[in-house]
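To start, the structure under review is shown below, and the notes come after it.
Chains as they are written, first to last, in our numbering: chain Y, 1 to 160; chain C, 1001 to 1353.
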């Protein structure tokens, strides 16, 4: 920019000086006109660079989000759902279970699927486990609107 | 608060930290610690000392320009005294030469002050561009983490265009055209044979149109996109919440808190990052704006002081002070678009939760 301003100041000074020294006849007018054209070309010279595509970048790189942070949020959401499921089943059926939740990455972390392991049926007898599993599955499916799988039912009881 | 600390530790702010470490006044300042202060409410601003700081900055810039003002006044006065002797002692062409010399001396003084100020204007816009490129990915990440995935994907091209296209428009077109207007003012006042007033007016209207259109169209687009995308995200999240709350009697609302805690944590951190970015923006533009305002004041004062003794010099100084408005408008326009984008990114979570 400094170079541009100095070049303009230089050409203007030159034109003004020559304008004083020029004779007043037709030759003087022609030279005066030529000097004005030269001055104007120096004035608009930087804009010719835009015309011929020098040095402008209109569309930058795409802005990327931090995928590791979103993955961490997804993990926190899954941990929260697992704690909720364990607390819910413990509260409803007095059963100690473990849960494994899988949440969506690209939503408000809605739940895709939940796997529940019920190693100990507690006070419930072996014959009641089918009813309990069905009730539990329905409860969690209605709660989280996802696929629920219950496995390892009564493994501890059968091992006694 | 524990959940928020966990989320904050997962957030990658290393590039922002590296950017702040380049500035002496921010060396040793941890971005995550500052965000924690904002989150906990410990961060406060002493408005009195801020106002005093701005005022002292302004007076400092004005005092730097005082010697230049004195020189301009002296040169114009001398030229005027010599010109009054034109009819009795000097030939008219000698008077023209004296006028040209005085005009060029005044022009040299003013332009030397102007070049450093204009460079500050360019630097400010580049600093804002760099901040946008550092902060927008963080805000979009936090927006996605707070459930605004659709909003984040819709805002992404808009913020990319702002941080590159709009800034490039100002640095490659608006500011160079404003410099051309300044140069045309300088040349046009030099001699009656150089009639450049209409050309100057053409470029002035080009500048005004570009600033107005970029501001109006981009703000409109951003506002509409922000509202519609946040509504979509809000509907999908509310649908999930309704399903949760309505299916389990009594304890439904209580049990939906786990995921909401994660979403709310990201939203709260997003608000803190948004506030931090606005403080950074204000800190970036205050000094250059004070520079431009003090220079504009200086030129207007000089034009007023020289009006009675140096006609064309006064007109040149007055036109020059008006031309500086395009730079001020350019900086404020980019800052406003930056601000409104941050505002949209931060406030969209209010619709979701």
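Built from N, CA and C at the ideal position, the CB exists for glycine as well.
Please read all numbers here as calculations on a predicted model, not as lab measurements.
Thinking residue i and residue j are a contact (beta carbons under 8 Å), I'd like their distance in whole angstroms, please.
i, j, result
"residue 1175 (chain C)", "residue 1212 (chain C)", "Incorrect: roughly 16 Å between the Cβ atoms, too far for contact."
"residue 1309 (chain C)", "residue 1080 (chain C)", "4 Å"
"residue 8 (chain Y)", "residue 37 (chain Y)", "Not really, about 14 Å apart at Cβ, beyond 8 Å."
"residue 1290 (chain C)", "residue 1115 (chain C)", "With a Cβ gap of about 18 Å, residue 1290 (chain C) and residue 1115 (chain C) do not count as contacting."
"residue 1125 (chain C)", "residue 1331 (chain C)", "7 Å"
"residue 65 (chain Y)", "residue 1011 (chain C)", "With a Cβ gap of about 11 Å, residue 65 (chain Y) and residue 1011 (chain C) do not count as contacting."
"residue 1304 (chain C)", "residue 1128 (chain C)", "Incorrect: roughly 33 Å between the Cβ atoms, too far for contact."
"residue 1273 (chain C)", "residue 1138 (chain C)", "6 Å"
"residue 1196 (chain C)", "residue 1206 (chain C)", "So it is not a contact: roughly 15 Å between Cβ atoms."
"residue 112 (chain Y)", "residue 120 (chain Y)", "Residue 112 (chain Y) to residue 120 (chain Y), Cβ: 27 Å. No contact."
"residue 1072 (chain C)", "residue 1322 (chain C)", "Going by Cβ atoms, the distance from residue 1072 (chain C) to residue 1322 (chain C) rounds to 17 Å, so no, they are not a contact pair."
"residue 1038 (chain C)", "residue 1275 (chain C)", "6 Å"
"residue 1105 (chain C)", "residue 1068 (chain C)", "Rounded, the Cβ-Cβ distance is 11 Å, inconsistent with contact."
"residue 1110 (chain C)", "residue 1320 (chain C)", "7 Å"
"residue 1200 (chain C)", "residue 1185 (chain C)", "6 Å"
"residue 1345 (chain C)", "residue 1143 (chain C)", "6 Å"
"residue 1008 (chain C)", "residue 1036 (chain C)", "7 Å"
Any idea if residue i is buried or exposed, counting beta-carbon neighbours within 10 angstroms, 16 or more meaning buried?
i, result
"residue 1024 (chain C)", "exposed"
"residue 1313 (chain C)", "buried"
"residue 69 (chain Y)", "buried"
"residue 1338 (chain C)", "buried"
"residue 990 (chain C)", "Lying before the first or after the last residue shown, residue 990 (chain C) is absent from chain C, which here runs from 1001 to 1353."
"residue 20 (chain Y)", "exposed"
"residue 1119 (chain C)", "exposed"
"residue 1288 (chain C)", "buried"
"residue 82 (chain Y)", "buried"
"residue 1267 (chain C)", "buried"
"residue 1342 (chain C)", "buried"
"residue 1014 (chain C)", "exposed"
"residue 143 (chain Y)", "buried"
"residue 1408 (chain C)", "Because chain C here runs from 1001 to 1353, residue 1408 (chain C) falls outside it and cannot be looked at."
"residue 1102 (chain C)", "buried"
"residue 1061 (chain C)", "buried"
"residue 1270 (chain C)", "buried"
"residue 1220 (chain C)", "exposed"
"residue 135 (chain Y)", "exposed"
"residue 128 (chain Y)", "exposed"
"residue 1244 (chain C)", "In this prediction, residue 1244 (chain C) scores a pLDDT of 48, lower than 50, which makes its location untrustworthy; the coordinate-derived value is nonetheless stated afterwards. With 16 or more other Cβ atoms within 10 Å, it is buried."
"residue 1249 (chain C)", "Since pLDDT at residue 1249 (chain C) reaches only 42, below the 50 mark, its modelled position is unreliable, and the value read off the structure follows with that caveat. Counting Cβ neighbours within 10 Å, residue 1249 (chain C) comes out exposed, since fewer than 16 surround it."
"residue 1148 (chain C)", "buried"
"residue 17 (chain Y)", "exposed"
"residue 138 (chain Y)", "exposed"
"residue 1033 (chain C)", "exposed"
"residue 1351 (chain C)", "Confidence at residue 1351 (chain C) is low in this model, with a pLDDT of 44, below 50, so its placement is unreliable and the value that follows should be read with caution. Classification of residue 1351 (chain C): buried, given that the 10 Å Cβ count is 16 or more."
"residue 1251 (chain C)", "Here the model assigns residue 1251 (chain C) a pLDDT of 41, short of 50, so the residue's position is not dependable and the matter cannot be decided."
"residue 140 (chain Y)", "buried"
"residue 182 (chain Y)", "Residue 182 (chain Y) lies beyond the residue range present for chain Y, which begins at 1 and ends at 160; the question has no answer from this structure."
"residue 1029 (chain C)", "exposed"
"residue 98 (chain Y)", "exposed"
"residue 1254 (chain C)", "Low per-residue confidence applies at residue 1254 (chain C): pLDDT is 40, beneath 50, and the placement is therefore not dependable, though the value from the model is reported in the following sentence. So residue 1254 (chain C) counts as exposed."
Could you tell me which residues DSSP puts in a beta bridge with residue i?
i, result
"residue 102 (chain Y)", "Y:113"
"residue 1313 (chain C)", "Residue 1313 (chain C) is not bridged to any residue."
"residue 118 (chain Y)", "For residue 118 (chain Y), which the question treats as bridged, DSSP gives no partner whatsoever."
"residue 149 (chain Y)", "Y:115"
Hey, is residue i close to the ligand SAH, as in C-beta under 8 Å from one of its heavy atoms?
i, result
"residue 1032 (chain C)", "In terms of ligand content, the structure shown is empty, and the ligand SAH therefore cannot be addressed."
In chain order, what residues of the stretch 1141 to 1160 of chain C put their CB closer than 7 Å to some CB of chain Y? Only those residues of the stretch 1141 to 1160 of chain C whose C-beta falls short of 7 Å from the nearest C-beta of chain Y are listed: 1141, 1144, 1145, 1147, 1149, 1152, 1156, 1159, 1160.
Listed from N- to C-terminal order along the chain, which residues in the stretch 1004 to 1032 of chain C have their beta-carbon within a distance smaller than 8 Å of any beta-carbon of chain Y? Those would be 1006, 1007, 1010, 1011, 1012, in chain order.
Pull out every residue of the stretch 1262 to 1278 of chain C whose Cβ sits closer than 9 Å to any Cβ of chain Y, in chain order. Listed in sequence order: 1262, 1263, 1265, 1266.
The stretch 1048 to 1070 of chain C: positions lying closer than 7 Å to chain Y by Cβ: Answer in chain order: no residues at all.
Which residues, taken in chain order from the stretch 1091 to 1112 of chain C, show a beta carbon closer than 8 Å to some beta carbon of chain Y? Within the stretch 1091 to 1112 of chain C, 1093, 1096, 1097, 1100, 1104, 1107, 1108, 1111 place their CB atoms closer than 8 Å to a CB of chain Y, listed in sequence order.
Taking beta-carbon pairs under 8 Å, can you tell me which members of the stretch 1171 to 1184 of chain C lie near chain Y? Taking 8 Å as the Cβ-Cβ cut-off against chain Y, the residues of the stretch 1171 to 1184 of chain C that qualify are 1172, 1173, 1176, 1179, 1180, 1183, 1184.
Please identify, using Cβ separations under 8 Å, the residues of the stretch 61 to 78 of chain Y that lie next to chain C, in order along the chain. Residues of the stretch 61 to 78 of chain Y with a Cβ closer than 8 Å to any Cβ of chain C, in chain order: 61, 62, 63, 64, 65, 66, 68, 69, 70, 72, 73, 76, 77.
Could you name each continuous alpha helix (DSSP H) segment of 4 residues or more that falls completely within the stretch 1064 to 1133 of chain C, going from the start of the chain to the end? Considered as a whole, the stretch 1064 to 1133 of chain C harbours no complete run of any alpha helix (DSSP H) with no fewer than 4 residues.
Tell me which residues of the stretch 1329 to 1351 of chain C have at least one Cβ-Cβ distance to chain Y shorter than 7 Å, keeping chain order. Contacts with chain Y (Cβ-Cβ distance below 7 Å) from the stretch 1329 to 1351 of chain C involve no residue at all.
Ignoring anything shorter than 4 residues or poking outside the stretch 1014 to 1042 of chain C, list the alpha helix (DSSP H) runs there in chain order. Along the length of the stretch 1014 to 1042 of chain C, whole alpha helix (DSSP H) runs at least 4 residues long occupy 1014 to 1021, 1031 to 1040, reported in chain order.
What are the residues of the stretch 134 to 156 of chain Y that lie near chain C, defined by any Cβ-Cβ distance shorter than 7 Å? 142, 143, 145: these are the residues of the stretch 134 to 156 of chain Y whose beta carbon lies less than 7 Å from some beta carbon of chain C, given in chain order.
Report the start-end ranges of each beta strand (DSSP E) in the stretch 1168 to 1228 of chain C that is 3 residues or longer and not cut off at the edges. Residue ranges of uninterrupted beta strand (DSSP E) with 3 or more members are absent from the stretch 1168 to 1228 of chain C; none lies entirely inside it.
Near-chain Y residues of the stretch 1122 to 1143 of chain C (beta-carbon distance less than 7 Å), N- to C-terminal order: Within the stretch 1122 to 1143 of chain C, the residues whose Cβ lies closer than 7 Å to some Cβ of chain Y are 1136, 1137, 1140, 1141, listed in chain order.
Residues in the stretch 1303 to 1318 of chain C with C-beta within 9 Å of chain Y's C-beta atoms, listed in sequence order? Correct list: empty, as no residue qualifies.
Near-chain Y residues of the stretch 1205 to 1217 of chain C (beta-carbon distance less than 7 Å), N- to C-terminal order: For the stretch 1205 to 1217 of chain C, which is checked against every Cβ of chain Y, not one residue is closer than 7 Å.
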